[in-house]
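Read the structure below first, then the notes.
Protein chains in written order, with my numbering: chain W, 27 to 140; chain B, 399 to 512.
Spelled out as structure tokens, the structure:
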């Protein structure tokens with residue numbers, strides 16, 4: 027079985043500053059990794075995913091994430107955040123090949139300060 | 399496609415009443431998932447279906463909860479009788495495959511049991 031740890035429940039950042047949201051996973055097999063964003067009073071929306079290939083994955087809204095197998099991490103980054111990026115961000119993992127369902131982390135609340 | 403459609407968006411009911419939440423998945427998606435989100439427990443998978451058949455209901459909290467998928471375009475999650483601790487946001491999601499493609503989430507139903 028896979029598991030996901032999002033180390034920070036809240037990350038406050040000033041507008042136009044860079045941000046990194048941390049995600050570590052645990053698995054005995056290869057994995058697929060995802061980041062979702064949840065804006066207030068909305069459902070989860072897929073930001074980006076890593077299935078294979080290049081370890082640097084680019085997603086929507088200027089976000090990117092890097093898969094690091096040796097550190098079992100998939101941290102999400104954005105070079106300059108905007109007030110509209112205020113949301114809850116969820117990391118998720120599934121076994122490579124997609125034979126299992128997604129396991130979600132507990133989420134990180136990104137708070138953008140003006 | 400209109401995406402995953404859930405109804406109602408908000409539901410307020412009295413303890414002991416029956417509550418039915420509805421979901422229409424994306425056409426052609428073979429998998430349908432029901433999640434519950436609370437502050438305390440985060441996102442919890444309740445049950446998922448493949449081709450209208452329930453595959454894993456180990457996340458259903460107790461016998462008061464039941465879910466059905468009578469056809470490929472409709473699913474219900476029923477709580478009978480409802481209790482205040484059932485108050486949460488319930489999400490439906492659908493997917494082409496179990497893992498790998500990511501899930502498309504609906505906007506959720508915010509349930510309040512008073």
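Glycine included, C-beta positions come from ideal geometry on N, C-alpha and C.
Run down chain W in chain order and give the residues with a C-beta less than 7 Å from the C-beta of residue i.
i              : result
residue 501(B) : 128
residue 505(B) : 68 and 69
Nearest to residue i by CA position, among the options, is which residue?
i              : options                           : result
residue 49(W)  : 97(W), 105(W) and 127(W)          : 97(W)
residue 495(B) : 449(B), 421(B) and 512(B)         : 449(B)
residue 86(W)  : 60(W), 95(W), 56(W) and 80(W)     : 60(W)
residue 82(W)  : 92(W), 52(W), 33(W) and 28(W)     : 92(W)
residue 135(W) : 126(W), 113(W) and 28(W)          : 113(W)
residue 54(W)  : 139(W), 131(W) and 119(W)         : 119(W)
residue 490(B) : 434(B), 460(B) and 499(B)         : 434(B)
residue 401(B) : 492(B), 465(B) and 508(B)         : 492(B)
residue 64(W)  : 422(B), 502(B) and 473(B)         : 502(B)
residue 102(W) : 68(W), 52(W) and 72(W)            : 72(W)
residue 485(B) : 403(B), 404(B), 443(B) and 411(B) : 411(B)
residue 43(W)  : 75(W), 128(W) and 107(W)          : 107(W)
residue 442(B) : 88(W), 130(W) and 140(W)          : 130(W)
residue 510(B) : 408(B), 475(B) and 457(B)         : 408(B)
residue 480(B) : 403(B), 405(B), 499(B) and 419(B) : 419(B)
residue 3(W)   : 115(W), 127(W), 74(W) and 94(W)   : Examination of residue 3(W) is not possible in this model, given that chain W is present from 27 through 140 alone.
residue 56(W)  : 138(W), 139(W), 123(W) and 127(W) : 123(W)
residue 475(B) : 512(B), 444(B) and 451(B)         : 444(B)
residue 27(W)  : 137(W), 128(W), 88(W) and 138(W)  : 128(W)
So, is the C-beta of residue i closer than 7 Å to a C-beta in chain A?
i              : result
residue 440(B) : The displayed structure is made up of protein chains W and B, and chain A is not among them.
At a CB-CB cut-off below 7 Å, which residues of chain B make contact with residue i?
i             : result
residue 72(W) : 500
residue 27(W) : Near residue 27(W) there are no residues of chain B at all, since even the closest Cβ is about 12 Å away, more than 7 Å.
residue 31(W) : Those do not exist, as residue 31(W) stays about 12 Å from chain B at its closest Cβ, beyond 7 Å.
Which bits of chain B does residue i rub up against, with CB to CB less than 9 Å?
i              : result
residue 116(W) : 440 and 441
Starting from residue i, find everything on chain B with Cβ-Cβ shorter than 8 Å and list it in chain order.
i              : result
residue 58(W)  : 497 and 498
residue 121(W) : 497
For a quick check, are the C-beta atoms of residue i and residue j less than 7 Å apart?
i              : j              : result
residue 505(B) : residue 133(W) : no
residue 430(B) : residue 471(B) : no
residue 51(W)  : residue 30(W)  : yes
Mind checking the segment 484-499 of chain B against chain W and listing, in chain order, the residues whose C-beta falls within less than 8 Å of any C-beta there? If the cut-off is 8 Å between Cβ atoms, the segment 484-499 of chain B has 489, 491, 495, 496, 497, 498 and 499 near chain W.
So if I threshold CB-CB distances at 7 Å, which residues from the segment 433-466 of chain B count as touching chain W? Sequence-ordered contacts of the segment 433-466 of chain B with chain W read 440, 441, 443 and 446 [C-beta pairs closer than 7 Å].
Which complete beta strand (DSSP E) runs does the segment 70-139 of chain W hold, if anything under 3 residues is left out? Runs found: 70-76, 82-84, 90-94, 99-104, 113-121 and 134-139.
Mind listing which residues of the segment 76-109 of chain W have their C-beta closer than 7 Å to chain B's C-betas, in chain order? Answer set for the segment 76-109 of chain W: 77.
Return the chain-ordered ranges of every beta strand (DSSP E) run that is complete within the segment 426-510 of chain B and spans a minimum of 3 residues. For the segment 426-510 of chain B, whole beta strand (DSSP E) runs of length 3 or above, ordered along the chain, are 429-436, 440-448, 451-454, 463-469, 472-477 and 486-493.
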